[in-house]
Amino acid sequence: MNFPLKVWRQKNSQDTGGFVHYQAKGIVPDMSFLEMLDVVNDELMEKGQEPIAFDHDCREGICGSCSLMINGRPHGPTRGTTCQTYMRNFTDGQTIVIEPWRAKSFPIVRDLVCDRGSFDRIMEAGGFVTVNVGGAPDGNALPVAKVAAEKAMDGAACIGCGACVAACKNASAMLFVGAKVSHLGFLPQGQPERADRVRQMVGQMDKEGFGGCTSQYECEAACPKEINADFIAKMNADYLWACIATEQ
Amino acid sequence: MKLESRAPGGPLQLKWDRYKAEMKLINPANKRKYRVLVVGTGLAGASAAAALAELGYQVDTFCFQDSPRRAHSIAAQGGINAAKNYQNDGDSVWRLFYDTIKGGDFRSREANVYRLAQVSVNIIDHCVALGVPFAREYGGHLDNRSFGGAQVSRTFYCRGQTGQQLLLGAYSALSRQIGMGRVKSHPRTEMIDLVLVDGKARGIIVRDLVTGKLESYVGDAVVLATGGYGPVFFLSTNAKGCNVTATYRAHKRGALFANPCFTQIHPTCIPVTGDYQSKLTLMSESLRNDGRIWVPKKAGDKRLPSEIPEGERDYYLERKYPSFGNLAPRDISSRAAKEACDDGRGVGEGGRGVYLDFSDAIARLGEKVIRERYGNLFDMYHHITNENPNQGPMRIYPAMHYCMGGLWVDYHLMSNIPGLFVLGEANFSDHGANRLGASALMQGLADGYFIAPYTITNYLASTKQTPVDTNHENFKACLAETQERIQRVLAVKGTRSPVVIHRELGKVMWEHVGMARSTESLKAALKRIPAIREEYWKTVSVPGSGEEMNQGLEYALRVADFIDFAELLTEDALSREESCGGHFRVEHQTEEGEAKRDDDNFAHVSAWEHTGEGKKPALHKESLGFENVQLAVRSYK
Ligand SMILES: Cc1cc2nc3c(=O)[nH]c(=O)nc-3n(C[C@H](O)[C@H](O)[C@H](O)COP(=O)(O)OP(=O)(O)OC[C@H]3O[C@@H](n4cnc5c(N)ncnc54)[C@H](O)[C@@H]3O)c2cc1C
Ligand code: FES
Numbered sequence: 003m004n005f006p007l008k009v010w011r012q013k014n015s016q017d018t019g020g021f022v023h024y025q026a027k028g029i030v031p032d033m034s035f036l037e038m039l040d041v042v043n044d045e046l047m048e049k050g051q052e053p054i055a056f057d058h059d060c061r062e063g064i065c066g067s068c069s070l071m072i073n074g075r076p077h078g079p080t081r082g083t084t085c086q087t088y089m090r091n092f093t094d095g096q097t098i099v100i101e102p103w104r105a106k107s108f109p110i111v112r113d114l115v116c117d118r119g120s121f122d123r124i125m126e127a128g129g130f131v132t133v134n135v136g137g138a139p140d141g142n143a144l145p146v147a148k149v150a151a152e153k154a155m156d157g158a159a160c161i162g163c164g165a166c167v168a169a170c171k172n173a174s175a176m177l178f179v180g181a182k183v184s185h186l187g188f189l190p191q192g193q194p195e196r197a198d199r200v201r202q203m204v205g206q207m208d209k210e211g212f213g214g215c216t217s218q219y220e221c222e223a224a225c226p227k228e229i230n231a232d233f234i235a236k237m238n239a240d241y242l243w244a245c246i247a248t249e250q
Numbered sequence: 012m013k014l015e016s017r018a019p020g021g022p023l024q025l026k027w028d029r030y031k032a033e034m035k036l037i038n039p040a041n042k043r044k045y046r047v048l049v050v051g052t053g054l055a056g057a058s059a060a061a062a063l064a065e066l067g068y069q070v071d072t073f074c075f076q077d078s079p080r081r082a083h084s085i086a087a088q089g090g091i092n093a094a095k096n097y098q099n100d101g102d103s104v105w106r107l108f109y110d111t112i113k114g115g116d117f118r119s120r121e122a123n124v125y126r127l128a129q130v131s132v133n134i135i136d137h138c139v140a141l142g143v144p145f146a147r148e149y150g151g152h153l154d155n156r157s158f159g160g161a162q163v164s165r166t167f168y169c170r171g172q173t174g175q176q177l178l179l180g181a182y183s184a185l186s187r188q189i190g191m192g193r194v195k196s197h198p199r200t201e202m203i204d205l206v207l208v209d210g211k212a213r214g215i216i217v218r219d220l221v222t223g224k225l226e227s228y229v230g231d232a233v234v235l236a237t238g239g240y241g242p243v244f245f246l247s248t249n250a251k252g253c254n255v256t257a258t259y260r261a262h263k264r265g266a267l268f269a270n271p272c273f274t275q276i277h278p279t280c281i282p283v284t285g286d287y288q289s290k291l292t293l294m295s296e297s298l299r300n301d302g303r304i305w306v307p308k309k310a311g312d313k314r315l316p317s318e319i320p321e322g323e324r325d326y327y328l329e330r331k332y333p334s335f336g337n338l339a340p341r342d343i344s345s346r347a348a349k350e351a352c353d354d355g356r357g358v359g360e361g362g363r364g365v366y367l368d369f370s371d372a373i374a375r376l377g378e379k380v381i382r383e384r385y386g387n388l389f390d391m392y393h394h395i396t397n398e399n400p401n402q403g404p405m406r407i408y409p410a411m412h413y414c415m416g417g418l419w420v421d422y423h424l425m426s427n428i429p430g431l432f433v434l435g436e437a438n439f440s441d442h443g444a445n446r447l448g449a450s451a452l453m454q455g456l457a458d459g460y461f462i463a464p465y466t467i468t469n470y471l472a473s474t475k476q477t478p479v480d481t482n483h484e485n486f487k488a489c490l491a492e493t494q495e496r497i498q499r500v501l502a503v504k505g506t507r508s509p510v511v512i513h514r515e516l517g518k519v520m521w522e523h524v525g526m527a528r529s530t531e532s533l534k535a536a537l538k539r540i541p542a543i544r545e546e547y548w549k550t551v552s553v554p555g556s557g558e559e560m561n562q563g564l565e566y567a568l569r570v571a572d573f574i575d576f577a578e579l580l581t582e583d584a585l586s587r588e589e590s591c592g593g594h595f596r597v598e599h600q601t602e603e604g605e606a607k608r609d610d611d612n613f614a615h616v617s618a619w620e621h622t623g624e625g626k627k628p629a630l631h632k633e634s635l636g637f638e639n640v641q642l643a644v645r646s647y648k
C-alpha cells in the first residue's frame, strides 16, 4: 500500500509550522499507524532529514503517549489509540492528514508532540487520597461493593491521552477530570476528601484554560478507552454538592 | 573486590526487623536538608519518591516520558503477588519466599527474597488505602487469581490493567508531593551520566529532551529506578523507550552489573508477523489460568484448529508437567513452545506459534465469565491480529520480556558505589535466573514504598558529605564528556537510521543469545557485535542538532549503549557454563532436555566491572549461601 501524507511540521513552540507532504511507500496492511510513520522516518533519516517527532512508548494502547489527529479524528478512524490503529483500516492511495492535538492548554512542542503537563497539574491539585506509606489497615478491613469497585475502575481506566480535549470544540477537559474525580468518588477511601478533591481539580482545570462542556459528547466518541460521558454529569453533581457542603 | 551483601545476621525471619531496629535515623526537622535524585517514575521510582518526600526529604524525579504516569510499568497486565492467604489455600510468607527462590532456580539471595515476601502484604494494604480499584468478590473482599509457578491463588489484580492502576496509585501519591512542593518533577528529561565525588554518587547529568540542554543535578543520594533493558533484543514486550542507558552509564562509572544474561522470554505473546514490526505484544500470563496450550501431534499438520480432533492434539505442558500443567513457569513454558516449533509442529504462518485455547473454559464457565476475566485481552488480540479469539484459539509464541539481571545491589539496595541505590527491574536482586509472574510489580513497590526509605535514611544518617555544587570539577568534566559524545554521534552523518542498526543488533541477540545459547552461538555473537558497533560509528545518520528536541538523537544514544551492553550480556552468558532459569545453555541439559544447573561451580552472582574502553570486563563473584532452603532440582512435574 502507498499513502500520500500531509504532516504538520513545526520546529518548536515559537515556530508557526505548516503542512509538509510525504509519501509512505511499501506499507503492509498489518502495520500499525506508528510503524507506518517509522518507515517514513527511517527514510527521512537516511536522507539526512529530520524525522517527524511524535510521542509514543508502550505501543499497546495503555500509556497514553501517542496523540495524533488523523484525518481530523483523534487517534484515527477506529476505536482505540493511534498505536493500535492499523493500516488495514485505510484505503490504499488515500491521503492521510496528520496533526497534533490542538488546544490552548496543550501547547505544541514540536511537530506532532504537544505538552499535556496541564493534566499532571490537575492531578497534583487533588487527584489523590491523602495517606502516607505505613499504617494502612488490612486490605480486607474495608470491604468495597463489587459494583462500586467496577464503577471506580471504569473511571480509573482513563489513560490521560487527551483525545477528549482534542475532540472537543471547546477544548474541554471535563471527561478526563470527571473520570478521575469519579474513580475516587465511588470508593469509600475517597470519601473524606471528596468535596475538596472535586473543587480543587475543577479549579485547576479552569486555571489551565480548558473550555466548558456544551454536551456535544465528542469526547466520549473519541475516547480510546470508551470512558462514558456520564462521568461528566457525576462530576457536575459532585461539584455542586461540594460547593453547598463547603458553604455550610 | 569483595562483594558483601551486608544482610544483618540472625534468623531469616528476623533480619529485616533487626535492620529496622538497628538502623540510624535522622530527626524529622533535619530531613529536609537532604536531597535525593530519583531517576525513573515507574512503580519503583514513583513509590520511592513519594515515600521519601512523605518522610520530609527533598526529592527530584526524572523520566523521559512527558509525564511520570506513562512509565513502562503502566503496561503490566496480569497482577501483583502478596502472601495474604485470603483464599485459605495454604499461602504464607514462607511459601511466597520459597516459590520465588525456587522459581528463580536458586540464584537469588535468601535474605532479600524473604524480606520481599514479608513486605508484600503491606503493599496491598497501602495500595487499597490509595484507592487502587482492585477486583472484588461479591462480598466486597479482594479477589485473587493464580499465576505461573505457584499452587496457591495469591495474585491481586485490576481487570487486565493491574500495572496501570498500581502506577496511577503511586503517581497520585507522587502528585500530592509535587503539589506540596516537596518533589520537583522533571519529565522529558533523560539521565545521560552519573557523577561521583569522593567515590560517592552525588549527581547526574541529564538532557532536557525539549530544549536539548545538558544540565547537572546534585544530590546526597541517587536512586536509579530506570527499568529493564529488554529492547537490547530490539523486539520485546517492553515499551519502545525502555533502555539500558542509565544503568550502563553507571556501570561505566564503576557500578557492577550483575547477571546480565538472566533475561526472561515470556511464553504468551502474539507471534511476529513481519520485518517492519516495532514491538511484540504480551498476552497476560493470567490467560493460562483458563487457556490450554497445544500443538498438533503431527509435524506439518496444516488443518484448521477446529478440524484437528482432540486425540490428535498435544497439550504438551499438561503432558510434560502434570502438576503445574499450563501454569508451568515461564522459562519452562517458553522452551517447550520452542521445542514444539523446532519439531515442525508450530502453527500459523512461518510455523512459529502454538495455540492457546479457551473452548474448554468457555464450555465450563460460559462466555460471560471468560469475557469478564479477559475481555480486554481478547479485544487486544482481535485488534492486533484481526482474528477473533472467541471463534478459535489464539496463536502465541515466546518473546523477550523481562530482565532479572541488573546493577548489583546489597541488602540495602545500594550498589557498590556508595549513595547509588538501584530499585525495581533495574537491579538484579530478587528473581535469580527466572522471575515468577506478578512478582515484578511486587518487587518494584516493595523496593520503593517499604525498603529504600529505610535504607536511604540509614545511609544519609551514617555518611558525612562534603558540600558540592554543579561547579565541582567532576560535574564539569562529566558534562563536557557528554557534550563531546553527543557531538560525535551527530558528526557521523552516515546513511543508516539508528533504528535499522538497532534491529540488526536485535536479530543477532535473538538468534544467538536468545532462548537456546551455545558456546558456538555466543562466540558468533561476540564477533558480530563489535562489527555492528563499527558500522554504527561509521554509518549512523542523526539529522538535526543537539540543541532542540531530537528524537533521532535520543534513539541513537540509547542504541550506542545497547550495542556496548550486548557484548557484556553475551560475555556473561558465555561464562555461565550451566543452564538455570531463563539462561539455557544447550551443552548443559538433562536427557529429557531440562535445564541442568551446576551448583558446585555456579551458585553465585556474576557481577561485572567495567575496566576501560575496549577492555574485557572483570568478573567478581558473590557466592550465594543457602541456609534455609535446600537446593533442589527444580521440578514442576
Ligand atoms: C507487557 C508487560 C506486562 C507485564 N505484566 C506484569 C504483571 O502482570 N505483573 C508483574 O509483576 N510484572 C509485569 N511486568 C513486569 C513489570 O511491569 C516491570 O518489571 C515493572 O513495571 C518495572 O518497573 P520499574 O519501576 O522498575 O521500571 P519502569 O516502569 O520501566 O520505569 C522506568 C522509569 O525510568 C525512566 N527512565 C529510564 N531510563 C531513563 C533515563 N536514562 N533517564 C531518565 N529516566 C529514565 C522511565 O522514564 C520510567 O519512568 C510486565 C511487563 C511487561 C512488558
Ligand atoms: S503508545 Fe502507549 S498508548 Fe499509544
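Residue numbers (the working numbering), protein chains in the order written: chain A, 3 to 250; chain B, 12 to 648. All residues carry an ideal CB built from backbone N, CA and C; glycine is no exception.
Item	Value
Reduced DSSP secondary structure (H/G/I, E/B, other) of Asp44(A)	helix
Euclidean distance between Cα positions of Ala339(B) and Ser646(B)	10 Å
Interface residues of chain A facing Ala62(B) [CB-CB closer than 9 Å]	Asn134, Val135 and Gly136
Span separating the alpha-carbon of Glu39(B) from that of Gly67(B)	The question names Glu, but residue 39(B) is Pro in the sequence shown. Their Cα atoms are separated by approximately 7 Å.
Cβ of Leu36(A) within 8 Å of any chain B Cβ	yes
Paired residues, beta bridge with Arg528(B) - DSSP	Arg596(B)
DSSP-derived helix/strand/coil call for Phe35(A)	helix
Cβ-based neighbour list, Lys308(B), same chain, cut-off 6 Å, excluding 5 preceding and 5 following	Glu323 and Asp325
Proximity of Val124(B) and Ile135(B) at Cβ, strictly below 8 Å	no
Classification of Cys253(B) by the beta-carbon crowding that lies within 10 angstroms, buried from 16 upward	buried
Cα-Cα separation between Ala502(B) and Thr550(B), rounded to whole angstroms	10 Å
Amino acids of chain A, ordered along the chain, whose beta-carbon sits closer than 9 Å to that of Glu321(B)	Within chain A, no residue comes near Glu321(B); the closest Cβ sits about 32 Å away, beyond 9 Å.
Burial state of Ile85(B), where buried means 16 or more other Cβ atoms lie within 10 Å	buried
Coarse secondary structure for Cys166(A), derived from DSSP in three states	helix
Secondary structure, beta strand (DSSP E): runs of 3+ residues fully inside the stretch 461-542 of chain B	none
Environment of Phe486(B) [buried if 16+ CB atoms lie within 10 Å]	buried
Ala372(B) - DSSP class collapsed to helix/strand/coil	helix
Option nearest Tyr240(B) by Cα separation, candidates Arg260(B), Pro79(B), Ser227(B) and Glu226(B)	Arg260(B)
Proximity below 8 Å, CB of Val139(B) to CB of Ala93(B)	no
Simplified DSSP state of Ile304(B), which is helix, strand or coil	strand
When Val644(B), Asn561(B), Asp368(B) and Ile543(B) are compared against Gly302(B), the one with the closest alpha-carbon	Asp368(B)
Where the stretch 494-521 of chain B meets chain A: residues whose CB sits under 8 Å from a CB there	Lys504, Thr506, Arg507, Ser508, Pro509, Val510 and Val511
Contact set for Thr87(A): own chain, Cβ-Cβ below 8 Å, skip 5 residues either direction	Ser34, Phe35, Ile72, His77, Gly78, Pro79 and Thr80
Length-filtered (4 minimum) alpha helix (DSSP H) runs lying within the stretch 264-351 of chain B	327-331
Those residues which DSSP pairs with Phe432(B) across a bridge	Val234(B) and Met425(B)
Heavy atom of ligand 1 within 7 Å of Asn254(B) beta-carbon	yes
Limits of the beta strand (DSSP E) - the one that Pro102(A) falls within	Ile98 to Pro102
Ile203(B) in three-state terms, based on DSSP	strand
First and last residue of the uninterrupted alpha helix (DSSP H) at Gln176(B)	Thr173 to Gly190
Sub-8 Å separation of Leu452(B) and Leu14(B) beta-carbons	no
Ile343(B) to Cys85(A) span [Cα, whole Å]	32 Å
Ligand 2 heavy atom lying under 7 Å from the CB of Gly66(A)	yes
Cα-Cα separation between Glu148(B) and Asp441(B), rounded to whole angstroms	31 Å
is_contact[Ala168(A), chain B] using C-beta, thresh 8 Å	no
The stretch 168-176 of chain B / the stretch 379-394 of chain B touching (three or more Cβ pairs under 8 Å)	yes
Listed by chain order, chain B residues near Gln191(A) by CB distance under 8 Å	Val139, Ala140, Leu141 and Gly142
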